[in-house]
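Student: Heads up: the protein sequence lines correspond to chains A and B, in order.
Quick note on numbering: the first sequence equals residues 1 to 232 in the working numbering.
Quick note on numbering: the second sequence equals residues 1001 to 1232 in the working numbering.
Protein chains: 2
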Amino acid sequence: MTQPKYKVIAEAILTKIQTGEWLEGDKIPSEMELAELFSASRMTARKAVDSLVHAEYLERLPSVGTFIKAPKAQSSLLEIKNISDEIIARGHDHKMVVLSKMTLVPNDKVAFELSAFESKVFKIVILHYENDTPIQLEERFVNAELVPQFLEQDFTKITANQYLTLVAPLSEAHVTVEAIEPSNILKHHLHISSGTPCLKIIRSTFSDGKAISYAMLYHPADKYKLTSLVKL
Amino acid sequence: MTQPKYKVIAEAILTKIQTGEWLEGDKIPSEMELAELFSASRMTARKAVDSLVHAEYLERLPSVGTFIKAPKAQSSLLEIKNISDEIIARGHDHKMVVLSKMTLVPNDKVAFELSAFESKVFKIVILHYENDTPIQLEERFVNAELVPQFLEQDFTKITANQYLTLVAPLSEAHVTVEAIEPSNILKHHLHISSGTPCLKIIRSTFSDGKAISYAMLYHPADKYKLTSLVKL
DNA sequence: AAGTGGTCTAGACCACCAG
DNA sequence: TGGTGGTCTAGACCACTTT
């Protein structure tokens, strides 16, 4: 048994969720049924469900069943938040404008961050609006080898983050936050008046140990705060 | 059985850790031994250990044993980092200067954050230096009822954070990060030149569900970045 | 060879919620 | 009353490390 049986079961369930075969709110088979389906004991099936409950893909309702949970979005841990969900959660409209979309040979810095020394990378620049107010400028580099279809997406309909988590489930992220004085181009796009600082978030994301994306997110300081809840 | 047996076992182990009876690096009894100690099956003892491994109190080494993990400190999760450790890790000197130390009746905002409507609160203002360069201004309010000895500490020798985690182990934290234009007093203390923005971190910490401390940490943007690693 | 954690089984009893 | 998840047991075999 190279792969533990409970992991095989967990991944099978995860696939059903990610392909859309099982939808949010759906009830999944009971632990006894899963055990039979996979020729395992109930304890083993339960352990698979345990791991997915912990990862917040599933939710248990005692005496009732186990259900597909609402999308992960701001997955409890930290700001792997989706700016779109965040804005919509505030009851506001979210709009995206694509400023740039290209394929290029990375410079040293980007090549290093994406471990893409041999391959090309994609770059997009997106401006996010909250109720017609610019709230984030997203400059993102993506490993073209690992996510070849990236540039073909319509980024006015799906965020880069949403697409990436779809095709390459995140396993790890590095986040750096700093305050900067906005450049002129930033001031222009984000409608920043003189003297207002800017929050710069640099985020590298990894899937299965491989660098997927390197993004710089700029927010006008007077319109955005970064928050998170940490449970120890 | 009002409390599940595995929780009883987990809490018993946690108590051993928190009282210092078992120290960092110590090997805890094997799963078989725990099962015997608590008159449980190995699976139940294991479930208790599972929960503490997950909470990062314990660490398993297959074929070897289970060990008390290094203090939670910057425990991978997030910036419950200690600025002192951070500076020393860079090989630099850390110095603290106490600017203010007082007991006061909280204003509405602070009373709300600390749930201290009936009691007084302590306030300290500390300036942190990295190699003689001011790197953080710490303004901190502490619930006087829950941490009565707080003001008696020598904050040039122990950080407020260190003392608090000692007397009231953190269970939860809220963190907010924003970029601000520094006030004149901030510019003065942090040696900030005009135009340089400032990173403001607001941190509320909780122990056992009770609000312990409400702190505002200010950093000059040109000398400080906030980083974290998120594992999913 | 002995001990450890990692996995798995085939039962069991319970409290709870649904029809 | 039957099905669900929540808990628990008393075994078992494995790969691995330590002695």
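We treat Cβ as the ideally placed atom computed from N, Cα and C, and that holds for glycine.
Please read all numbers here as calculations on a predicted model, not as lab measurements.
Give the secondary structure of arginine 46 of chain A by DSSP, where H, G and I count as helix, E and B as strand, and everything else as coil.
Tutor: Locating residue 46 of chain A in the first sequence gives position 46, counting from the first residue. Note: arginine 46 of chain A maps to helix in three-state DSSP.
Student: Within the continuous beta strand (DSSP E) that includes glutamate 1152 of chain B, where are the two ends?
Tutor: Position 152 of the second sequence, counting from 1, holds the residue named residue 1152 of chain B. Neither: glutamate 1152 of chain B is in no beta strand (DSSP E) and is coded neither H nor E.
Student: Go ahead and pull the three-state DSSP assignment for tyrosine 163 of chain A.
Tutor: Residue 163 of chain A sits at position 163 when you count from the first residue of the first sequence. Helix, per DSSP.
Student: Decide if arginine 233 of chain A is buried, meaning its Cβ has at least 16 other Cβ atoms within 10 Å, or exposed.
Tutor: Residue 233 of chain A lies beyond the residue range present for chain A, which begins at 1 and ends at 232; the question has no answer from this structure.
Student: Is the Cβ of tyrosine 1214 of chain B closer than 9 angstroms to any Cβ of chain A?
Tutor: Residue mapping note: residue 1214 of chain B aligns to position 214 of the second sequence, counting from 1. No, tyrosine 1214 of chain B does not count as interfacial toward chain A.
Student: Which class does isoleucine 13 of chain A belong to by DSSP, given the choice of helix, strand or coil?
Tutor: Position 13 of the first sequence, counted from the first residue, corresponds to residue 13 of chain A. Reduced to three states, the DSSP call for isoleucine 13 of chain A is helix.
Student: Can the beta-carbon of isoleucine 192 of chain A be found closer than 9 angstroms to that of leucine 217 of chain A?
Tutor: To locate residue 192 of chain A, count along the first sequence from 1; it is residue 192. To locate residue 217 of chain A, count along the first sequence from 1; it is residue 217. No. Outside cutoff.
Student: Which residues in chain A have a C-beta closer than 8 angstroms to the C-beta of leucine 1199 of chain B? List them in chain order.
Tutor: Residue mapping note: residue 1199 of chain B aligns to position 199 of the second sequence, counting from 1. Within 8 angstroms Cβ-Cβ: Val177, Glu178 and Ala179.
Student: Touching or not, the region 1149 to 1167 of chain B and the region 162 to 170 of chain A, by the rule of three or more beta carbon pairs under 8 angstroms?
Tutor: No contact exists between the region 1149 to 1167 of chain B and the region 162 to 170 of chain A.
Student: Please name the residue, chosen from A/Lys157, A/Phe141, A/Leu199 and A/Lys5, that lies closest to lysine 123 of chain A on a Cα-to-Cα basis.
Tutor: Indexing the first sequence from 1 puts residue 123 of chain A at position 123. Of the listed residues, the one whose Cα sits closest to lysine 123 of chain A is A/Phe141.
Student: Between leucine 1226 of chain B and chain A, is the shortest Cβ-Cβ distance under 9 angstroms, so that the two count as touching?
Tutor: What you label residue 1226 of chain B is simply residue 226 of the second sequence in a count that begins at 1. Yes, leucine 1226 of chain B lies at the interface with chain A (some Cβ there is under 9 angstroms from its Cβ).
Student: Whether or not the region 86 to 98 of chain A and the region 121 to 137 of chain A are in contact is what I'm after, with contact meaning three or more pairs of Cβ atoms, one per stretch, closer than 8 angstroms; do they touch?
Tutor: Cβ pair count under 8 angstroms is three or more, so yes.
Student: What residue range does the alpha helix (DSSP H) around phenylalanine 1112 of chain B cover?
Tutor: Within the second sequence, the letter at position 112 stands for residue 1112 of chain B. 1108 to 1114 is the extent of the alpha helix (DSSP H) around phenylalanine 1112 of chain B.
Student: Given isoleucine 1180 of chain B, which residues of its chain have a CB within under 6 angstroms of its CB, disregarding the five upstream and five downstream residues?
Tutor: Here residue 1180 of chain B corresponds to residue number 180 of the second sequence, with the count starting at 1. Cβ within range, chain order: Cys1198 and Lys1200.
Student: Are the beta-carbon atoms of serine 1041 of chain B and alanine 1010 of chain B separated by less than 9 angstroms?
Tutor: Residue 1041 of chain B sits at position 41 when you count from the first residue of the second sequence. Residue 1010 of chain B sits at position 10 when you count from the first residue of the second sequence. Contact: no.
Student: Among A/Glu86, A/Lys69, A/Arg90 and A/Lys223, which has the Cα closest to the Cα of isoleucine 17 of chain A?
Tutor: Mapped onto the first sequence, residue 17 of chain A falls at position 17. Residue A/Lys69 is the option with its Cα nearest to isoleucine 17 of chain A.
Student: If you count every other CB in all the chains shown that lies within 10 Å of the CB of leucine 1061 of chain B, and 16 or more means buried, which is it?
Tutor: On the second sequence, residue 1061 of chain B is found 61 positions in, with the first residue counted as 1. So leucine 1061 of chain B ends up on the exposed side.
Student: Identify, in the order they occur along the chain, each residue of the same chain with its Cβ nearer than 6 angstroms to the Cβ of threonine 1019 of chain B, setting aside the five sequence neighbours on each side.
Tutor: What you label residue 1019 of chain B is simply residue 19 of the second sequence in a count that begins at 1. Taken in chain order, the list of residues that qualify is empty.
Student: Whose CA, out of B/Tyr1163, B/Asn1143 and B/Phe1206, lies closest to the CA of histidine 1174 of chain B?
Tutor: For the purposes of this step, residue 1174 of chain B is taken as residue 174 along the second sequence, with counting starting at 1. Considering only alpha carbons, the answer is B/Phe1206.
Student: Does the beta carbon of alanine 221 of chain A sit closer than 9 angstroms to a beta carbon anywhere in chain B?
Tutor: Within the first sequence, numbered from 1, the residue matching residue 221 of chain A stands at position 221. Yes - at least one Cβ of chain B is within 9 angstroms of the one on alanine 221 of chain A.
Student: If you draw a straight line from the C-alpha of phenylalanine 1038 of chain B to the C-alpha of asparagine 143 of chain A, how long is it?
Tutor: As a first step, residue 1038 of chain B must be located in the second sequence, where it is residue number 38. As a first step, residue 143 of chain A must be located in the first sequence, where it is residue number 143. Those two C-alpha atoms are separated by around 52 angstroms.
Student: Could you name the residues of chain A that glycine 1195 of chain B contacts, counting a contact when the two beta carbons are closer than 9 angstroms?
Tutor: Position 195 of the second sequence, counted from the first residue, corresponds to residue 1195 of chain B. In chain order: Glu181 and Gly195.
Student: On a CA-only basis, which of A/Asn161, A/Thr196 and A/Glu36 is nearest isoleucine 83 of chain A? Give me that one, please.
Tutor: Residue numbering aside, residue 83 of chain A sits at position 83 when the first sequence is read from its first letter. The shortest Cα separation from isoleucine 83 of chain A among A/Asn161, A/Thr196 and A/Glu36 belongs to A/Asn161.
Student: Less than 6 angstroms between C-beta atoms, sequence neighbours within five positions excluded: which residues of the same chain meet that for glutamate 138 of chain A?
Tutor: As a working note, residue 138 of chain A is residue 138 in the first sequence. Once the five neighbours on either side are set aside, the close Cβ partners of glutamate 138 of chain A are Ile126 and Leu217.
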